[in-house]
Amino acid sequence: MRLSFLIIAVLIAIIGVPAGAQDEAKQSTPPAQGGGDLRSAVQNPISSLISLPFKFTFDYGAPNGEASFLNIQPVVPITVGSWNLVNRAIIPLIDSPGEVAGTPGIPNPITGNGATGLGDINYSLFLSPVKYETAIWGMGPSITIPTATDKEIGSEKWSMGPTGVVLFQPKWGTFGGLVRQLWSVAGDSDRDDVNQTLFEPFLNYNLPRGWYLISDIIIIANWEADSSNTWTVPLGGGVGKLFKIGSQAINARAEAYYNVEKPDNAPNWQWGFTVQLLFPK
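Residues in the sequence shown are numbered from 68 upward in steps of one, following the working numbering.
Spelled out as structure tokens, the structure:
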């Protein structure tokens, strides 16, 4: 896969440090942020933590072949009074063999010979209170911009809708869910409309020395598809760890998921890993 070479290069750039800095790497959880645990902030998608995740995903088992994705997902929160404005973007680089269904960024894939390039960029803004009692929540608008460099890896539609997240953080970890609904509002009239619901339940169980178990499932409903191809429902999980290389705090995790329900042209398996650069205040 052509994108694999780019993924390897980006990974080397992220974790590559001089030999001297390797000696300074700390294998414990990085220091707390603002009186709270950094691991808790990482597991909260709307925390006040600035971060730069690189999410690498590989699909296997689709009839048309394997697809790979590199999602660059910067998170920049801004505090205004008693509210956090959490800016989240998804900038996807995609290598697709053509018409691979069941992926969030390509709601209505079309037949083709395959393409590699930039997909449609999604931006979400969450309004969340700085102080909370039990439940942590945020909500706001989400918009997908038709930035794809090839029609096979994009929708050619402007889409928008609401998004929201609710989570809880007991002593043992984090659990909650994120939901997003997108409807197309403009774009190429020859392409199918977008009517997609994404539901992302997540669960983190903390372990000693910065390790944690994770299940971060992305359930997709494509309401424009026929009833037998509407749902993509994966099951699975993985493991992650917080650590430092020199002064840079990093969160890394690896996961694998199996689609127990999927459209005809969707993959059977999906596995991937995420390297997230953290910038605590």
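For glycine and all other residues, C-beta sits at the position ideal for the given N, C-alpha and C.
Item, Value
"Alpha-carbon spacing of Pro196 relative to Leu119, whole angstroms", "22 Å"
"Leu192 versus Gly303: straight-line alpha-carbon distance, rounded", "28 Å"
"Simplified DSSP assignment, three categories, for Gly207", "strand"
"Bounding residues of the alpha helix (DSSP H) (the contiguous stretch that carries Ala108)", "105-109"
"Cα-Cα separation, Glu223 to Pro208", "20 Å"
"Cross-strand partners of Tyr127 (DSSP beta bridge)", "Trp336"
"Delimiting residues of the beta strand (DSSP E) encompassing Val261", "Premise fails: Val261 is in no beta strand (DSSP E) and is neither H nor E."
"Whole-angstrom distance between Val246 and Leu234, CA atom to CA atom", "12 Å"
"For Gly277, the three-state DSSP class (helix, strand or coil)", "helix"
"Option nearest Phe242 by Cα separation, candidates Asp259, Trp204, Ser251", "Trp204"
"Runs of beta strand (DSSP E) lying entirely within the segment 169-201, each at least 3 residues, in chain order", "182-185, 188-196"
"Within 8 Å, strictly: CB atoms of Val109 and Asn175", "no"
"Any 3 or more C-beta pairs closer than 8 Å across the segment 301-319 and the segment 125-142", "no"
"Closest Cα partner of Leu265 within the set Val153, Tyr272, Ala288", "Ala288"
"Lys396 - containing beta strand (DSSP E), residue span", "Because the chain is modelled from 68 through 348, residue 396 falls outside the range shown and cannot be assessed."
"Candidates Leu274, Met206, Val143: closest to Pro229 by CA position", "Met206"
"Spatial neighbours of Glu166 in its chain, beta-carbon cut-off 8 Å, leaving aside the 5 residues before and after", "Asn131, Pro176, Ile177, Thr178, Gly179, Glu219, Asn332"
"Contacting residues, own chain, Cβ-Cβ under 6 Å from Gly244 (five flanking each side not counted)", "Pro268"
"Own chain, CB closer than 6 Å to Val327, minus 5 neighbours either side, in chain order", "Val300, Leu302"
"Check whether Leu152 and Pro347 have beta carbons under 8 Å apart", "no"
"Sheet register partners of Ser282 (DSSP bridge)", "Leu270"
"Contact check, Ile117 vs Ile157, beta carbons under 8 Å", "no"
"For Lys224, three-class secondary structure by DSSP", "strand"
"Nonlocal neighbours in the same chain, by C-beta distance under 6 Å from Pro144, ignoring five residues either side", "Ser115, Asn151, Val153"
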